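Residues in the sequence shown are numbered from 98 upward in steps of one, following our numbering.
A virtual CB, placed ideally from N, CA and C, is assigned to each residue, including glycine.
Just so we're clear, the structure is a prediction, and the values are computed from it rather than from any experiment.
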Amino acid sequence: PLPASRLSSQPARNEAARNEAADQAMRDKIKTLDTLSAILPALAGSDRAEQLARLLTDEDIDTLRHLAREGMGENSLRALTSDFSYLEGWCLAATGSPLPWPAPAPLILKFIAHHLWDPDKKMSDPGHGMPEDIARQLEAQGLLRSAKNTAGQRPPHAPATVQRRLASWSTLHRWRGLTGDFSAAEVRSAMRLAVRVADRPRARKSRKAITADCLELLLATCNGTDYAAPSLMDIRDRALLLVGFASGGRRRSELSGMRFGQITWEDFLPLDPSDPDSDLLPAASLRLGRTKTEESSDDNSVLLIGRSVDALKTWLEAAQIQEGAVFRAIDQWGNLKTRALTPQSVNAIVKKRCALAGLDPQDFSAHGLRSGFLTEAANRDIPIQDAMLQSRHRSLAQASSYYSDAGRSRRRSARLLG
Numbered sequence: 098p099l100p101a102s103r104l105s106s107q108p109a110r111n112e113a114a115r116n117e118a119a120d121q122a123m124r125d126k127i128k129t130l131d132t133l134s135a136i137l138p139a140l141a142g143s144d145r146a147e148q149l150a151r152l153l154t155d156e157d158i159d160t161l162r163h164l165a166r167e168g169m170g171e172n173s174l175r176a177l178t179s180d181f182s183y184l185e186g187w188c189l190a191a192t193g194s195p196l197p198w199p200a201p202a203p204l205i206l207k208f209i210a211h212h213l214w215d216p217d218k219k220m221s222d223p224g225h226g227m228p229e230d231i232a233r234q235l236e237a238q239g240l241l242r243s244a245k246n247t248a249g250q251r252p253p254h255a256p257a258t259v260q261r262r263l264a265s266w267s268t269l270h271r272w273r274g275l276t277g278d279f280s281a282a283e284v285r286s287a288m289r290l291a292v293r294v295a296d297r298p299r300a301r302k303s304r305k306a307i308t309a310d311c312l313e314l315l316l317a318t319c320n321g322t323d324y325a326a327p328s329l330m331d332i333r334d335r336a337l338l339l340v341g342f343a344s345g346g347r348r349r350s351e352l353s354g355m356r357f358g359q360i361t362w363e364d365f366l367p368l369d370p371s372d373p374d375s376d377l378l379p380a381a382s383l384r385l386g387r388t389k390t391e392e393s394s395d396d397n398s399v400l401l402i403g404r405s406v407d408a409l410k411t412w413l414e415a416a417q418i419q420e421g422a423v424f425r426a427i428d429q430w431g432n433l434k435t436r437a438l439t440p441q442s443v444n445a446i447v448k449k450r451c452a453l454a455g456l457d458p459q460d461f462s463a464h465g466l467r468s469g470f471l472t473e474a475a476n477r478d479i480p481i482q483d484a485m486l487q488s489r490h491r492s493l494a495q496a497s498s499y500y501s502d503a504g505r506s507r508r509r510s511a512r513l514l515g
């Protein structure tokens, strides 16, 4: 028989072996996530990878790796990863267990109830909506950032956020070859009622549109000073703003991902299409490639004419760019980097130029270029079909909402009482 000392130490050794195996599994998951970060910058950083490794199962990470191999767009994959980690964190906090596959209808209904609720009822019934202990657990993990109001109550989530997370959850089921109960009658009914009770209007991605007059204010900040010529950063930002607006209001991911090979220089075109003798302007075609709503195989080129082309040429010549990313990072000493701007950097540039122009940066974001283009087109009575060919909107309803907003102040029906 084994000595008593060896028998008593055996459980400790077993526990140590289990801990070492768990630590090794965690290291393997972090290594896999680090590999994915090459195509998914949202995973970069040891803290982020470690957080996701704690939340996501091996099967979850395999799903993300599969989606990456399938060529899912970077932004879509980033949003899916964020939703994935939130869903896993919420399920662990709410049920004590990881996400089940497939998801049963009661769990989906619980998710809706925890995120969309009646704020008035929450005041009198603290158990209504998301329980506070679950919210604190999500906060501790950095998954929940909603601030409490003056009454000490958390607001319900935005319906669009809940709908997106449910859509991501459903997408993950499809990729696993499973069918969840997302289309069940009780789920659809609960979501419809919850959105109505939440009574939260959908917020614009940019509170205010960057229309032509606003754009001119931003461009004026790129002209240098009385004592110095425009810097390389000024030249880049001017081209970024003009190309972003004139090309139909490009999304920040499209601007940051723009490559030199997407540009084709065209013959000069007349200022007035109906008058061939009018002044000639420089022109360029911009092939958008893969976007949020279109595949790279789609014919989705847009035309740049005039100042935007001049600004783009000036930037490319100043930066000596003949291949690779068009809009690149510049460090604080004015040195040009080879890496492209990130979508977040594009947004920061817009906000910076707004601040320099004396505008409130909180009112504007990079999406203001997109909404501003359509708003300006509506103000100038350009047919919506023409504007959509340039903006590449596929939804007439989405594009027409900007036209409706732009025409609101001109409606005769609003002036009946003078």
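Neighbour-count burial assignment, K448, 16 or more Cβ in a 10 Å radius: The residue labelled residue 448 in the question sits at position 351 within the sequence shown. With 16 or more Cβ atoms within 10 Å of its Cβ, K448 is classed as buried.
Q495 classed as buried or exposed, judged by whether at least 16 other C-beta atoms fall within 10 angstroms: Position 398 of the sequence shown, counting from 1, holds the residue named residue 495. Q495 comes out exposed.
Simplified DSSP state of V406, which is helix, strand or coil: Here residue 406 is taken as the residue at index 309 of the sequence shown, counted from 1. Here V406 sits in helix by DSSP.
For W266 and V406, the rounded distance between their alpha carbons: By one-based count along the sequence shown, residue 406 stands at place 309. By one-based count along the sequence shown, residue 266 stands at place 169. Looking at the two C-alpha atoms, the distance is approximately 43 Å.
Nearest residue (CA-CA) to A281, options L337, D310, P201: The residue labelled residue 281 in the question sits at position 184 within the sequence shown. Answer by Cα proximity: P201.
For V259, three-class secondary structure by DSSP: Start at 1 with the first residue of the sequence shown, and residue 259 comes out as number 162. DSSP places V259 in helix when its eight states are reduced to three.
Assigned secondary structure, E363 (DSSP; H/G/I helix, E/B strand, else coil): Along the sequence shown, read from residue 1 onward, the residue named residue 363 stands at position 266. E363: strand per DSSP, three-state reduction.
Same chain, Cβ closer than 8 Å to I427, five either side skipped, listed in chain order: Taking the sequence shown and counting its residues from 1, the one referred to as residue 427 is at position 330. Counting only Cβ-Cβ distances below 8 Å, and skipping sequence neighbours, we find L329, M330, R333, L433, K434.
Identity of the residue in D483, T411, R348, S498 nearest S442 by Cα: For this step, residue 442 is matched to residue 345 along the sequence shown. The shortest C-alpha separation from S442 is found at R348.
Neighbourhood of K410 by C-beta distance below 6 Å, restricted to the same chain and skipping five residues each side: Reading the sequence shown from its first residue, position 313 is the one you call residue 410. Correct list: empty, nothing qualifies.
Paired residues, beta bridge with R356 - DSSP: For the purposes of this step, residue 356 is identified with residue 259 of the sequence shown, where counting begins at 1. In the DSSP output, where bridge partners are listed per residue, R356 has A422.
Rounded separation between R262 and L269 - CA only: Looking up residue 262 in the sequence shown gives position 165. Looking up residue 269 in the sequence shown gives position 172. For R262 and L269, the distance between alpha carbons rounds to 11 Å.
Rounded Cβ spacing between L316 and R335 (contact assumed at less than 8 Å): Counting from 1 along the sequence shown, the entry for residue 316 is found at position 219. Counting from 1 along the sequence shown, the entry for residue 335 is found at position 238. Correct: roughly 6 Å between the Cβ atoms.
Backbone secondary structure at T439 - three-state DSSP: For the purposes of this step, residue 439 is taken as the residue at position 342 of the sequence shown. DSSP places T439 in coil when its eight states are reduced to three.
Endpoints, the alpha helix (DSSP H) within which S382 is located: If you number the sequence shown from 1, residue 382 lands on position 285. Not the alpha helix (DSSP H): S382 falls in the beta strand (DSSP E), residues 377-384.
Local Cβ density within 10 Å of P480, reported as buried at 16 or more and exposed below that: Stepping through the sequence shown from its first residue, residue 480 is reached at position 383. P480 is exposed by the Cβ-count criterion.
First and last residue of the uninterrupted alpha helix (DSSP H) at H212: The residue labelled residue 212 in the question sits at position 115 within the sequence shown. Counting along the chain, the alpha helix (DSSP H) containing H212 begins and ends at 202-212.
Sequence-distant residues of the same chain with beta carbon closer than 6 Å to A463, five excluded per side: Here residue 463 refers to the residue found at position 366 when the sequence shown is read from its first residue. Taken in chain order, the residues that qualify are R349, V443, N444, V447.
Chain-order list of residues whose beta-carbon lies under 7 Å from that of L196 (same chain, five-residue window excluded): Locating residue 196 in the sequence shown gives position 99, where the first residue counts as 1. L184, E185, C188, listed in sequence order.
Inter-residue Cα distance where the pair is K305 and V259: If you number the sequence shown from 1, residue 305 lands on position 208. If you number the sequence shown from 1, residue 259 lands on position 162. Approximately 24 Å, taken between the alpha carbons.
Nearest to M220 (by Cα), restricted to the options Q250, I205, W198, E236: For the purposes of this step, residue 220 is identified with residue 123 of the sequence shown, where counting begins at 1. Comparing Cα positions, the closest option is Q250.
Own chain residues within Cβ distance below 7 Å of L514, not counting five before or after: As a position in the sequence shown, residue 514 is number 417, starting the count at 1. Answer for L514: no residue qualifies.
Alpha-carbon spacing of G226 relative to T276, whole angstroms: Taking the first residue of the sequence shown as 1, we reach residue 226 at position 129. Taking the first residue of the sequence shown as 1, we reach residue 276 at position 179. If you take the alpha carbons of G226 and T276, they lie about 27 Å apart.
Simplified DSSP state of S492, which is helix, strand or coil: Here residue 492 is taken as the residue at index 395 of the sequence shown, counted from 1. Correct three-state label for S492: coil.
Close Cβ partners of M485 (< 6 Å) along its chain, the five nearest in sequence each way excluded: Within the sequence shown, residue 485 is the residue found at index 388, counting from 1. The answer, listed in chain order, is A496.
Residue from G465, M288, T361, A190 with nearest C-alpha to L240: Position 143 of the sequence shown, counted from the start, is the residue given in the question as residue 240. The candidate whose alpha carbon is nearest that of L240 is A190.
Simplified DSSP assignment, three categories, for I427: Start at 1 with the first residue of the sequence shown, and residue 427 comes out as number 330. In this structure, I427 counts as strand in the three-state DSSP scheme.
Extent of the continuous alpha helix (DSSP H) to which H464 belongs: Position 367 of the sequence shown, counting from 1, holds the residue named residue 464. 464-476 is the span of the alpha helix (DSSP H), which, as asked, contains H464.
Nearest to G224 (by Cα), restricted to the options Q234, H211, L235: As a working mapping, residue 224 is identified with position 127 in the sequence shown. The shortest Cα separation from G224 among Q234, H211, L235 belongs to H211.
Beta-carbon spacing of F470, A343 below 9 Å: Counting from 1 along the sequence shown, the entry for residue 470 is found at position 373. Counting from 1 along the sequence shown, the entry for residue 343 is found at position 246. Cβ distance < 9 Å, so F470 and A343 count as in contact.
Beta-carbon spacing of E363, R273 below 9 Å: Locating residue 363 in the sequence shown gives position 266, where the first residue counts as 1. Locating residue 273 in the sequence shown gives position 176, where the first residue counts as 1. No.
Classification of Y499 by the beta-carbon crowding that lies within 10 angstroms, buried from 16 upward: On the sequence shown, residue 499 is found 402 positions in, with the first residue counted as 1. With 16 or more Cβ atoms within 10 Å of its Cβ, Y499 is classed as buried.
T472 burial status per 10 Å Cβ neighbour count (16 or more: buried): Start at 1 with the first residue of the sequence shown, and residue 472 comes out as number 375. With 16 or more other Cβ atoms within 10 Å, it is buried.
Through-space distance from L213 to E283, alpha-carbon basis: For the purposes of this step, residue 283 is taken as the residue at position 186 of the sequence shown. For the purposes of this step, residue 213 is taken as the residue at position 116 of the sequence shown. Each residue's alpha carbon lies about 15 Å from the other.
R450 burial status per 10 Å Cβ neighbour count (16 or more: buried): To locate residue 450, count along the sequence shown from 1; it is residue 353. That one is buried.
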